[in-house]
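As you go down the protein sequences, you meet chains C and Y in turn. When we follow the numbering used here, the leftmost residue of the first sequence carries the number 23, and every step to the right adds one. When we follow the numbering used here, the leftmost residue of the second sequence carries the number 50, and every step to the right adds one. Working notes, structure below.
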Amino acid sequence: MARQKSLTTPTLSPNDLAPRTLILDNGAHTLKAGFSSPLTDPAPATPSACHIIPNCIARSTRDRRTYIGPELTTCADYGDLAYRRPVEKGYIVNWEGEKAIWERSFFSKDAHIDGAGLGCDPAETNLILTEAPNAPASLQRNADEMVFEEFGFGAYYRTLGSSLNAYAPSPFPSTTTTVPAGVPLECLLVIDAGYSHTTITPLHHGRPLQTAIRRLEIGGKTLTNRLKELISRTFDVHREDHIVEEIKEDVCYVSRTFPQDLEKTWKGGRYDGRELDTGVVVDYVLPDYEHIKRGFYRPHDAHVNLRNRALGIGTETGRREHVVTLGNERFTVPELVFTPSDIGMQQAGLCHTVLQSVNALPEGLRQAYLANILVVGGTSLLPGFVERLEAELRSAVDEDTVIRVARAEDPVGNVWSGGARLAADEAAVRGVMVTRQEWAENGEGWVRRRFAGKKGR
Amino acid sequence: MATGPLRFRTPHIEELPTAQSRQSAGFAWVAVSTAQDDPAKNWGTTNRKRARASLGGQTEQQKEALSARAQRETERRIKELNNDNSRDVVIEVAKKPGQSAGGGAFKAGKTTGTKKILASGKTFAHYLDDEEAEIARTGRREGEVEAPGAAQRASKTPLARRKAREGSSASNSPAPSAVVAMGPPRVPRAASTYFAAEPMPVDDLDDDGEDSEDQLPCLPTSAEMEALLNTPPLTYNQARAAPPPASMPPPRRFCETCGYWGRARCMKCGAMTCSVVCKDEHDQSKCLKMYA
Numbered sequence: 023m024a025r026q027k028s029l030t031t032p033t034l035s036p037n038d039l040a041p042r043t044l045i046l047d048n049g050a051h052t053l054k055a056g057f058s059s060p061l062t063d064p065a066p067a068t069p070s071a072c073h074i075i076p077n078c079i080a081r082s083t084r085d086r087r088t089y090i091g092p093e094l095t096t097c098a099d100y101g102d103l104a105y106r107r108p109v110e111k112g113y114i115v116n117w118e119g120e121k122a123i124w125e126r127s128f129f130s131k132d133a134h135i136d137g138a139g140l141g142c143d144p145a146e147t148n149l150i151l152t153e154a155p156n157a158p159a160s161l162q163r164n165a166d167e168m169v170f171e172e173f174g175f176g177a178y179y180r181t182l183g184s185s186l187n188a189y190a191p192s193p194f195p196s197t198t199t200t201v202p203a204g205v206p207l208e209c210l211l212v213i214d215a216g217y218s219h220t221t222i223t224p225l226h227h228g229r230p231l232q233t234a235i236r237r238l239e240i241g242g243k244t245l246t247n248r249l250k251e252l253i254s255r256t257f258d259v260h261r262e263d264h265i266v267e268e269i270k271e272d273v274c275y276v277s278r279t280f281p282q283d284l285e286k287t288w289k290g291g292r293y294d295g296r297e298l299d300t301g302v303v304v305d306y307v308l309p310d311y312e313h314i315k316r317g318f319y320r321p322h323d324a325h326v327n328l329r330n331r332a333l334g335i336g337t338e339t340g341r342r343e344h345v346v347t348l349g350n351e352r353f354t355v356p357e358l359v360f361t362p363s364d365i366g367m368q369q370a371g372l373c374h375t376v377l378q379s380v381n382a383l384p385e386g387l388r389q390a391y392l393a394n395i396l397v398v399g400g401t402s403l404l405p406g407f408v409e410r411l412e413a414e415l416r417s418a419v420d421e422d423t424v425i426r427v428a429r430a431e432d433p434v435g436n437v438w439s440g441g442a443r444l445a446a447d448e449a450a451v452r453g454v455m456v457t458r459q460e461w462a463e464n465g466e467g468w469v470r471r472r473f474a475g476k477k478g479r
Numbered sequence: 050m051a052t053g054p055l056r057f058r059t060p061h062i063e064e065l066p067t068a069q070s071r072q073s074a075g076f077a078w079v080a081v082s083t084a085q086d087d088p089a090k091n092w093g094t095t096n097r098k099r100a101r102a103s104l105g106g107q108t109e110q111q112k113e114a115l116s117a118r119a120q121r122e123t124e125r126r127i128k129e130l131n132n133d134n135s136r137d138v139v140i141e142v143a144k145k146p147g148q149s150a151g152g153g154a155f156k157a158g159k160t161t162g163t164k165k166i167l168a169s170g171k172t173f174a175h176y177l178d179d180e181e182a183e184i185a186r187t188g189r190r191e192g193e194v195e196a197p198g199a200a201q202r203a204s205k206t207p208l209a210r211r212k213a214r215e216g217s218s219a220s221n222s223p224a225p226s227a228v229v230a231m232g233p234p235r236v237p238r239a240a241s242t243y244f245a246a247e248p249m250p251v252d253d254l255d256d257d258g259e260d261s262e263d264q265l266p267c268l269p270t271s272a273e274m275e276a277l278l279n280t281p282p283l284t285y286n287q288a289r290a291a292p293p294p295a296s297m298p299p300p301r302r303f304c305e306t307c308g309y310w311g312r313a314r315c316m317k318c319g320a321m322t323c324s325v326v327c328k329d330e331h332d333q334s335k336c337l338k339m340y341a
């Protein structure tokens with residue numbers, strides 16, 4: 023591969039790489055983006071450099087505005103907000119929308135936007151872009167072409183989002199020896215409970231074992247949509263994606279004792295009515311975006327007449343209050359991750375999907391991966407998620423098998439901080455990046471093979 | 050439990066729908082058995098209405114059609130749950146009037162290639178279908194071929210076997226078949242002394258007990274590891290999680306009204322309810338089947 027500098031790219035430094043690297047974890051729900059500039063600042067970028075930007079185009083029917091990406095933070099009324107997401111099933115599908123979001127996030131200089139610190143000149147920047155595993159080839163090709171031809175980044179590395187987790191600091195307490203930046207952990211089984219999917223990726227020194235990657239098609243949005251469906255049995259929230267998402271984040275939890283919890287929330291039969299357990303059943307007060315900006319919950323009060331409250335009777339200061347009572351919805355919704363058959367999905371739960379993945383590995387490796395399970399992704403923020411997973415795995419394997427499950431300290435930003443630590447090691451970055459020069463010389467097929475790990479390394 | 054036809058509760062018996070799972074109009078072809086099949090047996094004593102209404106259907110064909118329809122219905126619901134975008138909205142990326150800094154923001158693209166990408170209205174399903182069709186046509190994934198570097202071909206799986214594997218991905222069956230998923234990793238035959246000597250047990254987690262005392266499973270050599278790392282990625286459909294093992298309990302059913310255990314099935318629509326209260330509510334507002 024010819025690495026000579028050509029006359030057409032005078033801005034690049036002699037080693038072909040730009041001084042700054044943009045690490046972009048392009049999630050379906052949010053972009054996690056930030057710079058790492060090892061030349062000016064040798065320490066790995068801290069998580070504070072990571073901007074979390076909504077990766078969607080939202081249209082409000084109330085103020086008739088369209089919010090694109092970071093503009094959504096300026097939105098005052100999330101009611102009735104319709105979303106369009108350029109990332110579908112974890113892959114960037116709609117580049118028209120994604121381009122608009124990227125432009126507002128990184129390339130624009132508007133001051134009111136949160137990502138204002140990301141004023142980015144693509145030609146002077148290296149890009150580390152994450153993708154979901156098992157991507158169709160045409161989508162990978164589109165991404166490569168857009169990055170080089172449309173945005174014109176100086177150098178580019180497309181990698182599995184999960185694999186960057188190996189570079190992040192180890193979450194396991196026993197391995198206190200700090201690994202230098204840019205050195206991946208040896209064995210890691212990454213469970214990425216994201217917005218579109220839950221993927222399971224075994225990594226060996228940061229490289230994925232492709233035959234063992236599995237995907238459970240339940241993600242954060244499945245849970246949100248399911249909760250929307252369940253709440254809408256009593257109170258129509260079909261168009262309130264944002265509010266339902268907040269409800270999910272606020273009250274949903276993974277139950278350790280599912281049948282018992284279900285009993286606690288049952289109202290009983292006609293003649294043998296039961297007390298609801300107010301420890302589980304809660305009243306969620308919906309935001310109205312006048313007085314209540316964000317919904318909140320309180321223990322269920324059976325004596326309150328919700329209809330009167332909605333009219334403003336009996337509340338303090340007489341304001342109207344829309345209340346949704348949540349009982350078993352709180353834990354039957356996250357239960358889908360562990361038992362997808364509850365909605366008739368023909369896929370094994372998370373625990374058995376992990377075992378499917380591990381069983382696809384050589385026998386000698388299985389123990390190493392079962393003892394190094396890392397959980398990342400926004401859905402893993404549900405309380406009890408890790409504990410339940412560990413308990414289920416424990417009961418599914420032999421007792422002399424060591425099971426160790428840990429959640430990353432910051433499950434959302436872990437991929438990004440892994441990427442930042444990789445970017446801090448210049449030699450490692452140079453080994454994986456493809457410059458625009460190389461793209462122009464070798465073409466897209468070569469670049470795709472290289473990102474697939476076929477050449478180099 | 051005594052009502053209805055004899056049902057097998059064992060999870061080993063699974064009725065797979067034979068009909069296409071394509072979404073279509075809200076009808077299904079049902080083979081209607083003629084009542085005059087055997088006039089000698091048609092005494093007019095059977096409660097035909099009840100037989101028709103009971104969800105199992107009357108004949109094998111009816112049962113099949115009904116379960117296929119139920120399956121389609123669940124598939125549709127799951128698809129809806131996995132929907133990324135809000136329903137029924139078209140949101141245009143509005144052209145901002147005062148766009149100065151990023152002047153090229155809404156130019157349709159800089160090269161013909163990116164213009165095409167930006168203008169394409171394809172969804173993920175289209176890309177997936179394209180790829181499956183490509184695999185079905187050529188027998189391999191695009192980009193997996195190493196045109197100049199054919200020297201490294203030796204370390205790859207024989208093409209014939211790969212063909213068989215990837216042809217199966219076109220089918221709708223979730224994830225690789227047991228052979229692919231559980232079998233030994235596709236490492237070169239010559240190098241894999243360990244794997245060639247003894248085929249890996251599929252359910253090794255069970256029989257760990259006897260071989261743990263005499264020998265621990267040895268780690269793969271670095272050559273095997275390298276071969277494993279260099280295997281091409283699975284396709285999207287192959288990576289999907291497989292159905293749960295047959296030893297798992299059958300799916301749980303929940304009350305459609307309140308979410309408690311579903312204990313009684315609606316004779317008309319097949320939904321589950323937990324109590325008379327919930328059943329009443331279901332009948333009043335939720336049961337959409339007027340005639341069954």
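Glycine included, C-beta positions come from ideal geometry on N, C-alpha and C.
Tell me, please, which residues DSSP counts as bridged to LEU396/C.
VAL212/C and ALA428/C
Reduced DSSP secondary structure (H/G/I, E/B, other) of VAL304/C
strand
Going by the DSSP bridge assignment, what does ASN48/C pair with across the sheet?
LEU53/C
Please look up how many angstroms separate the CB atoms of ASP214/C and VAL398/C, rounded, as I've assumed it's under 8 Å.
5 Å
Using a C-beta cutoff of 7 Å, does MET455/C count as contacting chain Y?
no
DSSP state of ALA133/C mapped onto helix, strand, coil:
With a pLDDT of only 43 at ALA133/C, under 50, the local geometry of the prediction cannot be trusted, and no value is derived from it.
Following the continuous alpha helix (DSSP H) through TYR176/Y, name the residue where it begins and the one where it ends.
173 to 187
With DSSP as the reference, please indicate the residues paired to PRO76/C in a beta bridge.
THR52/C
Quick one: list the residues of chain C neighbouring GLU180/Y, beta-carbon separation under 8 Å, in chain order.
PRO158, ALA159 and SER160
Short of 8 Å Cβ to Cβ, which residues in the segment 266 to 280 of chain C face chain Y?
none
Please list the terminal residues of the continuous beta strand (DSSP E) segment that includes PRO224/C.
220 to 226
Mind reading off the beta-carbon distance from LEU149/C to PHE175/C? Whole number of angstroms is fine, and I expect it under 8 Å.
4 Å
Just to make sure I have the definition right: I need the residues of chain Y whose C-beta is within less than 7 Å of the C-beta of TYR288/C. Which are they?
A small correction: the amino acid at residue 288/C is Trp; Tyr does not occupy that position in the sequence shown. Under the 7 Å cutoff, chain Y gives TYR309.
Extent of the continuous beta strand (DSSP E) run through ALA462/C:
Where ALA462/C is concerned, there is no enclosing beta strand (DSSP E), although the alpha helix (DSSP H) it sits in stretches over 458 to 473.
Against chain Y: residues of the segment 86 to 99 of chain C by CB proximity under 7 Å
THR88 and ILE90
Can you tell me the Cα-Cα spacing of ARG296/C and ALA320/Y, whole angstroms?
24 Å
Once the 5 residues before and after LEU284/C are set aside, which same chain residues still bring their CB inside 7 Å of it?
ASN350
Reduced DSSP secondary structure (H/G/I, E/B, other) of GLY162/Y
helix
Against chain C, with Cβ distances strictly below 7 Å, would GLY319/Y count as a contact?
no
I'd like to know whether the C-beta atoms of ARG180/C and LEU151/C end up nearer to each other than 7 Å.
yes
What whole-angstrom Cβ distance do VAL380/C and TYR391/C have, given they're in contact under 8 Å?
6 Å
Tell me the DSSP bridge mates of SER58/C?
THR43/C
Is there at least one Cβ from chain Y nearer than 7 Å to LYS250/C's Cβ?
no
Leaving out five residues before and five after GLY475/C in sequence, what residues of the same chain have Cβ atoms less than 7 Å from its Cβ?
ARG229
Kindly give me the distance between the Cβ atoms of LEU268/Y and LEU210/C, rounded to whole angstroms, as I take these residues to be in contact under 8 Å.
Contact doesn't hold; Cβ gap of about 16 Å is too wide.
Can you name the residues of chain Y whose CB is closer than 8 Å to the CB of LEU44/C?
Within 8 Å Cβ-Cβ: nothing; LEU44/C doesn't reach chain Y, min ~16 Å.
When you measure from the CB of GLU239/C to every non-hydrogen atom of the ligand NAD, does any distance come out below 6 Å?
In terms of ligand content, the structure shown is empty, and the ligand NAD therefore cannot be addressed.
Between the C-alpha atoms of ARG410/C and LEU328/C, what's the straight-line distance to the nearest angstrom?
35 Å
Give the DSSP-derived three-state secondary structure of THR280/Y in the structure shown.
coil
Straight-line Cα distance separating LYS270/C from PRO293/Y
27 Å
With 7 Å as the threshold, decide whether the Cβ of TYR176/Y is near any Cβ in chain C.
yes
Who are MET321/Y's beta bridge partners in DSSP?
ARG314/Y
What separation, rounded to the nearest whole angstrom, lies between the Cα atoms of THR423/C and PHE170/C?
47 Å
Based on Cα-Cα distance, which residue from GLY366/C, ALA370/C and VAL276/C lies nearest to SER296/Y?
ALA370/C
Do CYS274/C and LEU404/C come within 7 Å of each other at the CB atom, strictly closer than that value?
yes
Would DSSP call PHE194/C helix, strand or coil?
coil
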